[in-house]
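Below is one structure; the comments refer to it alone.
In full-length UniProt numbering, the protein residues as written are 1 to 674.
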């Protein structure tokens with residue numbers, strides 16, 4: 001009976017109907033729609049049962065009892081992550097397990113809804129389970145993550161087919177507010193699928209099909225909103241639309257933070273990963289890295305809440321389970337994003353962070369495999385990224401295990417064997433994946449990551465030289481001139497240094513990264529839409545080259561060639577930018593000021609026309625470098641060289657963090673206005 005009118009309620013969920021108890025669809029969420037109060041309280045999936053009115057279904061009941069209970073595995077055209085997925089998707093025996101307070105609450109809530117005699121029977125069954133020593137339920141996780149119903153009939157009931165299309169659309173926040181319509185959503189989804197999806201192929205194919213827009217709005221509101229935010233941020237025609245969508249996105253993120261029942265789905269994890277890859281325009285203080293760190297951290301916690309880590313184990317007989325495949329892909333990208341952001345921020349890996357329990361290959365991602373001759377082989381691309389990220393992680397764990405360990409490696413020189421081992425492993429990776437069959441711009445992205453790993457590992461030797469020199473010469477820092485301080489680093493050129501080979505390797509890797517962008521990637525077609533991490537890789541290489549020349553590792557004649565290369569790179573960034581707020585435009589301006597600023601600037605834009613670096617800069621920058629607190633063992637940082645306003649709390653642990661490099665508020669950068 002309904003509370004307001006006292007009328008008979010005509011629908012109930014499958015769980016309540018099976019238990020013959022009241023199904024309260026009025027007190028939680030939108031009246032008349034799932035989840036019901038019981039399912040919401042227990043965190044179970046709430047599926048409205050189909051009506052049995054209008055005929056005798058006794059013959060169907062008999063056939064069901066005789067037929068064996070077989071799970072039907074059919075690929076669905078649309079595989080939603082239910083709006084009401086909880087961290088515990090329960091099966092009949094889930095209430096028997098008691099491992100933690102969450103399990104106890106579920107058993108308590110389950111018992112509260114049962115008749116007294118049923119409670120006694122279930123309690124006895126639970127007791128018998130533990131007394132008899134059958135611990136099979138204890139050894140299994142409380143639930144499988146994010147599983148949707150496997151029966152096609154149950155999947156069909158997830159779609160509110162009895163509701164008109166306009167009703168579904170009008171209840172979507174941006175449409176309800178009047179700032180968005182279905183036509184605009186279709187355009188933005190198509191724009192995302194054509195330009196962004198290839199760089200992070202995490203979205204299910206059905207979500208990107210425009211004919212499924214209404215079902216995506218209904219079942220994947222969080223993921224759809226994240227797609228719209230990313231797709232609209234760089235389009236001038238949708239500036240006002242982007243603000244409205246971003247405002248709605250923030251509210252959805254708050255729901256995830258607060259653990260709202262409707263925000264527990266695989267789609268939420270996928271949406272958060274998208275937001276972590278592309279910098280939003282209002283994230284301006286540190287290039288978006290602070291926001292990316294928080295958003296990706298939230299994605300990691302949500303993935304654990306949904307038990308997505310269970311999908312990292314290969315289970316026989318579940319190869320065709322669409323839900324498992326989606327969970328596995330989401331967990332894989334969670335692992336990749338967590339490792340990448342930790343390396344970029346210079347943070348130590350979380351000891352209990354995302355990890356892969358099994359070595360996955362392209363065959364483990366069937367939804368990403370090419371189905372036609374002209375399709376991209378995203379599955380192989382993901383496998384290549386996984387193996388390269390594993391090398392990143394191992395190098396990071398060894399070279400930056402702790403502050404004291406890193407300092408010890410630098411002083412004793414023990415890092416050379418680890419650098420050499422990493423180089424050999426990279427060569428093996430290159431032999432396997434150097435000729436991967438994907439589009440040229442995707443190959444270039446993979447090459448950028450590979451070259452950045454070369455820079456990341458080999459530059460450790462460069463920084464070790466600076467550290468040892470700083471420690472040994474700390475007593476002379478007050479009396480030594482800037483020029484002599486520069487000669488302390490490489491007094492007889494880089495070739496005379498014991499670390500010449502890795503230093504040259506690092507310089508070569510940084511140059512190649514710039515050449516890949518200027519020569520291989522179309523700025524308006526591909527560079528414009530690439531994730532923020534690739535821009536930051538380039539920024540790191542640019543600042544590294546500038547610093548290497550400042551301390552004498554690069555001779556002046558070689559540096560003039562790099563200046564020309566940097567000029568082309570800045571021009572490429574400007575071509576990729578859609579407006580002044582685009583990340584490419586901001587980094588182009590800041591790099592231009594670093595590399596081409598002059599003591600007296602006659603007119604805006606004159607920096608690039610001359611192509612000449614002011615040599616007086618070098619003495620100033622060396623002074624800033626050598627003026628650091630050497631007695632305290634502080635390692636000169638990239639940002640200390642050019643950005644003294646940045647202060648790193650733990651300089652060795654964050655030694656090769658992706659530097660924040662430039663404050664996005666350009667008015668205060670180097671004392672210049674915009």
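A virtual CB, placed ideally from N, CA and C, is assigned to each residue, including glycine. These numbers come from a predicted model, not from an experiment.
Exercise. In the DSSP assignment, what residue or residues form a beta bridge with residue 13?
Worked result: 48
Exercise. CA-CA distance, residue 366 and residue 556?
Worked result: Going from the Cα of residue 366 to the Cα of residue 556 covers about 52 Å.
Exercise. Is it right to say residue 198 is buried, meaning 16 or more other beta carbons lie within 10 angstroms of its own, or is it exposed?
Worked result: buried
Exercise. Does the beta-carbon of residue 611 have 16 or more other beta-carbons within 10 angstroms, so that it is buried, or is it exposed?
Worked result: A caution first: residue 611 carries a pLDDT of 37, below 50, which makes its placement in the model too unreliable to give a value.
Problem set entry | Residues near residue 526 in its chain [Cβ-Cβ closer than 6 Å; skip 5 each side] | 441, listed in sequence order.
Exercise. With burial defined as no fewer than 16 other Cβ atoms inside 10 Å of the residue's Cβ, what is the status of residue 337: buried or exposed?
Worked result: Residue 337 counts as buried, since at least 16 other C-beta atoms from the protein chains shown sit within 10 angstroms of its C-beta.
Exercise. Can you give the beta carbon distance from residue 450 to residue 388, rounded, assuming they're within the 8 Å contact cut?
Worked result: 6 Å
For this session: With a threshold of 16 other CB atoms inside 10 Å of the CB of residue 495, please say whether the residue is buried or exposed.
Result: exposed
Exercise. Taking the alpha helix (DSSP H) that residue 242 falls in, what are its first and last residues?
Worked result: 239-257
For this session: Return helix, strand or coil for residue 311, following the three-state DSSP convention.
Result: helix
Problem set entry | For residue 574, three-class secondary structure by DSSP | helix
Exercise. Could you give the residue range of the alpha helix (DSSP H) that holds residue 304?
Worked result: 289-305
Exercise. Under a Cβ-count criterion, where at least 16 other Cβ atoms within 10 Å of its own Cβ denotes burial, should residue 236 be classed as buried or exposed?
Worked result: The residue is exposed, with fewer than 16 neighbouring Cβ atoms inside 10 Å.
For this session: Counting only the same chain and skipping the five closest in sequence on each side, list residues whose C-beta sits under 7 Å from that of residue 210.
Result: 186, 189, 190
For this session: With a 10 Å radius around its C-beta and 16 neighbouring C-beta atoms as the bar for buried, classify residue 204 as buried or exposed.
Result: buried
Exercise. Can residue 566 be considered in contact with the ligand SAH, in the sense that its beta carbon sits closer than 8 Å to one or more heavy atoms?
Worked result: Judged by which ligands are present, the structure shown has none, so any question about the ligand SAH falls away.
Exercise. Residue 231 to residue 459, Cα distance in whole Å?
Worked result: 36 Å
Exercise. Does the Cβ-Cβ distance between residue 676 and residue 395 come in under 9 Å?
Worked result: Summary: the structure shown does not reach residue 676, with the chain confined to residues 1 through 674, and so no result is reported for it.
Exercise. From 564, 581, 473, pick the residue whose C-alpha is nearest to that of residue 239; which is it?
Worked result: 581
Problem set entry | For residue 444, three-class secondary structure by DSSP | In the structure shown, residue 444 adopts helical secondary structure according to DSSP, grouped into three states.
For this session: Could you pull out every residue in the same chain whose Cβ sits closer than 7 Å to the Cβ of residue 723, ignoring the five residues on either side in sequence?
Result: Any question about residue 723 goes unanswered here, given that the chain covers just 1 to 674.
For this session: Return the first residue and the last residue of the alpha helix (DSSP H) that residue 222 is part of.
Result: 221-232
Exercise. Counting Cβ pairs closer than 8 Å, one from the segment 535-550 and one from the segment 302-309, do we hit at least three?
Worked result: Contact between the segment 535-550 and the segment 302-309 is not established, with fewer than three Cβ pairs separated by less than 8 Å.
Exercise. Alpha carbon to alpha carbon, how far is residue 218 from residue 258?
Worked result: 21 Å
Exercise. So, using beta-carbon positions, are residue 578 and residue 234 closer together than 9 Å?
Worked result: yes
Problem set entry | Boundaries of the alpha helix (DSSP H) in which residue 433 is found, first to last residue | 415-433
For this session: Can you give me the Cβ contacts of residue 391 inside the same chain, cut-off strictly under 8 Å, excluding the 5 residues immediately before and after it?
Result: 422, 425, 426, 429, 453
For this session: Note down, in chain order, each residue of its chain lying with its Cβ closer than 7 Å to the Cβ of residue 174, except the 5 sequence neighbours on either side.
Result: 180, 244, 245, 248.
For this session: Pick helix, strand or coil for residue 525, following the three-state DSSP scheme.
Result: coil
Exercise. In angstroms, rounded to a whole number, what distance separates the CA positions of residue 436 and residue 380?
Worked result: 8 Å
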